[in-house]
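Chemist: Numbering (the working numbering), first residue to last: 908 to 1383.
One structure is given below, represented as structure tokens, and several questions about it will come after.
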Amino acid sequence: LWSSSAKPASQGVPSAQAAVPSEAESLQAAFGQIAQRVGPAVVSISTEQIERVRQYFRVHPFFGDEPFEEFFRQFYGDMPEREFRRFGLGSGVVIDEQGYILTNEHVVADAEKITVTLADGREFVGTVKGKDPRSDLAVIKIDAKKLTAAPLGDSATVRTGQWAIALGNPFGLMGVGPSVRALGAEPTLTVGVISALNRQLPRASRYDRDYSDLIQTDAAINPGNSGGPLLNLHGEVIGINVAILTSSRGFEGIGFAIPVNKAKGVLDELIAGRKVIYGWLGIQIQDITEDVAGYYGLVERDGVLVYLVLPDSPASKAGIKDGDIIKSYQGQAVHHSRELIERVSGTKAGTRVAVEILRDGKPQTLQVEIGERPVDADVEGAAGVTEAWRGLQVANLSPEQLERLSLPSGTTGVLVVGVEEDSLAEQAGLRQGDIINEINRIRVETVSDYRSAIAQVKKDALVRTNRGYVVIKTGG
């Protein structure tokens, strides 16, 4: 098997070092420089929260269900509470040498104790200076001076395909304790690319979080990375890592970061400890689907459809109605719902703006005084089930269902309790748990209203639900 003509390695076989392209070595050097330069600005954040619950509630299968809690309270009396400690881990990035650290709001929310560990192993008690649940951003402060601060970049210059570097504390690997204080706590660095821009995740309604315009990356982001920086090749912060999409709780190549420009917009308020105020119209909107455009006879699908106007809201006071199509805001065309939400959120409360609408095919311009967005924390959720119509069964709403379904206070309509498989209703996108409050512009608040409305339907039915408008088509 061995040939006598084999030559020694020194005669013509290139070394591994010589085979490495200079561009790759330059890139490797850049990653190393970023780790040295920005790594000291990345911190580990550990939190402690004390939960106080009554023991029999905690072990009972109906723990958390208020009617059952009341039953047990009446039967057993007020039993003593027990304390349970909950611990959390996250990351943060120093943005000012005086000890200000930017992180996610969900990392420090409800924390009773915050410990910040620097990359050199020093530990400090952290204090929340300001937090904003909607943007999921917070600033904490530690009593330290002359810290290494990471430079903030410009996320508007980020493009798909650019390099992305994530730094943080996944799974608590930066550690805590004496060994960390002695040896340091180097953050974990992972590398990938910008996979996409303007990504949107479902709104976390309990906290009114607005996860829109996110940066998507395949740089590994794992539990514990939340609050850490996403960097460009210059070592500038372009985003704050916030979430991953996964079926296993581990990284699967899809991570998200809040654009740093969004953080810049609220930093002054957070550092000063002031409430972050967003503009508010008081409407719920949706993009115009092909079916909706066809129903309204629209040639183009630009604009957004208003499917709910909240009582006593700025929109209601200005005369905006359910079913209106908003075409422009402050003289600028509106193409989709995300665009309008961002513009309204960025408008100072008290500002009067011109809103152009299309109502019954006719354009109108209304003057609206923008309000201050309230905290979206008010939540409230059957008898007389109907026979199926186009595969749909509904029932009257009860106060208990309103509460159980966590629906906004004042919700009216009928509850969808059944959708037949492959029916016209299912094809339209309706599902169990939806609330129907209008059919072909006829108000529906009870099963009786519902029966009256469907009796007048001749062809396609424009149905307004708590999730927006859908069109239930005729068969055939």
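Backbone N, C-alpha and C define an ideal beta-carbon position, used for all residues, glycine too.
The structure displayed is predicted, hence computed values, not measured ones.
Excluding the 5 residues preceding and the 5 following V1301 in the sequence, name in chain order all residues of the same chain whose CB lies nearer than 7 Å to its CB.
Modeler: The residues are T1293, V1321, L1322, V1323, V1324, I1343, V1354 and Y1357.
Chemist: Starting from the C-beta of A1164, find all residues in its chain whose C-beta is less than 7 Å away, skip the five residues before and the five after it, and write them out in chain order.
Modeler: Taken in chain order, the residues that qualify are L1121, I1122, T1124, L1137, G1146, I1147, N1148 and V1149.
Chemist: Go ahead and pull the three-state DSSP assignment for K1171.
Modeler: The answer is helix: DSSP assigns K1171 an H, G or I state.
Chemist: Per DSSP, what are the beta-bridge partners of K1020 in this structure?
Modeler: DSSP lists E955 as partners of K1020.
Chemist: Look up L1265 in the DSSP assignment and say whether it is helix, strand or coil.
Modeler: Three-state DSSP puts L1265 in a strand.
Chemist: Is L1054 close to chain D, meaning its C-beta is less than 8 Å from at least one C-beta of that chain?
Modeler: The structure shown contains no chain D; it is built from a single protein chain.
Chemist: Just mark N1105 as buried or exposed, buried being the case when its beta carbon has 16 or more other beta carbons within 10 Å.
Modeler: So N1105 ends up on the exposed side.
Chemist: In chain order, what residues of the same chain lie with their CB nearer than 7 Å to the CB of A1170, ignoring the 5 residues before and after it?
Modeler: L1009, L1044 and I1147.
Chemist: The alpha helix (DSSP H) that contains S1355, what's its start and end?
Modeler: That run of the alpha helix (DSSP H) goes V1354 to A1362.
Chemist: Who are the Cβ neighbours of A1111 in its own chain at under 6 Å, not counting the five residues just before and after it?
Modeler: Residue confidence is low: A1111 scores 46 on pLDDT, short of 50, so the model does not pin down where it sits. Its coordinate-derived value is still stated next. Excluding sequence neighbours, A1111 sits near nothing in its chain.
Chemist: Can you give me the start and stop residues for the beta strand (DSSP E) that I1192 sits inside?
Modeler: From DSSP, the beta strand (DSSP E) with I1192 extends over I1190 to D1194.
Chemist: Any contact of the region 941-952 with the region 1069-1078, i.e. 3+ C-beta pairs under 8 Å?
Modeler: Because the criterion of three Cβ pairs below 8 Å is met, the region 941-952 and the region 1069-1078 touch.
Chemist: Can you confirm whether the region 1216-1233 touches the region 1187-1200 when touching is taken to mean that 3 or more C-beta pairs between the two stretches lie within less than 8 Å?
Modeler: Flag = yes, the region 1187-1200 and the region 1216-1233 touch.
Chemist: Do I1264 and K1234 have their C-beta atoms within less than 8 Å of each other?
Modeler: Yes, Cβ-Cβ distance for I1264 and K1234 is below 8 Å.
Chemist: Measure the Cβ-Cβ separation of A1261 and E1279 and say whether it is below 8 Å.
Modeler: In this structure, E1279 does not lie closer than 8 Å to A1261 by Cβ.
Chemist: Do the CB positions of I1346 and A1368 come within less than 8 Å of each other?
Modeler: Closer than 8 Å, so yes.
Chemist: Is it true that the region 1198-1216 meets the region 1369-1377, where meeting means three or more beta-carbon pairs spaced less than 8 Å apart?
Modeler: Because the criterion of three Cβ pairs below 8 Å is met, the region 1198-1216 and the region 1369-1377 touch.
Chemist: Which residues in the same chain have their Cβ closer than 8 Å to the Cβ of T1034, if we skip the five residues on either side of it in sequence?
Modeler: For T1034, where only same-chain residues beyond five positions count, the Cβ hits under 8 Å are I1021, I1047, K1048 and I1049.
Chemist: Within the same chain, show all residues whose beta-carbon is closer than 7 Å to that of L1331, passing over the 5 residues directly before and after it, in chain order.
Modeler: Within the same chain, L1331 has close Cβ partners R1297, G1298, I1379, K1380 and G1382.
Chemist: Pick helix, strand or coil for G1079, following the three-state DSSP scheme.
Modeler: It is helical.
Chemist: To the nearest angstrom, how far is the alpha carbon of V1213 from that of A1222?
Modeler: Computed Cα separation, rounded: 10 Å.
Chemist: Report the residue ranges of all alpha helix (DSSP H) runs contained in full by the region 1004-1051; include only those spanning at least 4 residues, in chain order.
Modeler: List check, alpha helix (DSSP H) in window: 1012-1015.
Chemist: Could you tell me which residues DSSP puts in a beta bridge with T1067?
Modeler: DSSP, once it has assigned bridges, lists no residue as partnering T1067.
Chemist: Report the rounded CA-to-CA distance for L1080 versus A1127, giving the unit in angstroms.
Modeler: Spanning the two alpha carbons is a distance of roughly 14 Å.
Chemist: Go ahead and label R1371 buried or exposed: buried means 16 or more other beta carbons lie within 10 angstroms of its beta carbon, across all protein chains shown.
Modeler: R1371 is buried by the Cβ-count criterion.
Chemist: According to DSSP, what are the bridge partners of R1245?
Modeler: Bridge partners of R1245: none, in fact.
Chemist: Counting C-beta neighbours from all protein chains within 10 Å, is the total for G997 16 or more, i.e. buried, or is it exposed?
Modeler: Under this definition G997 is a buried residue.
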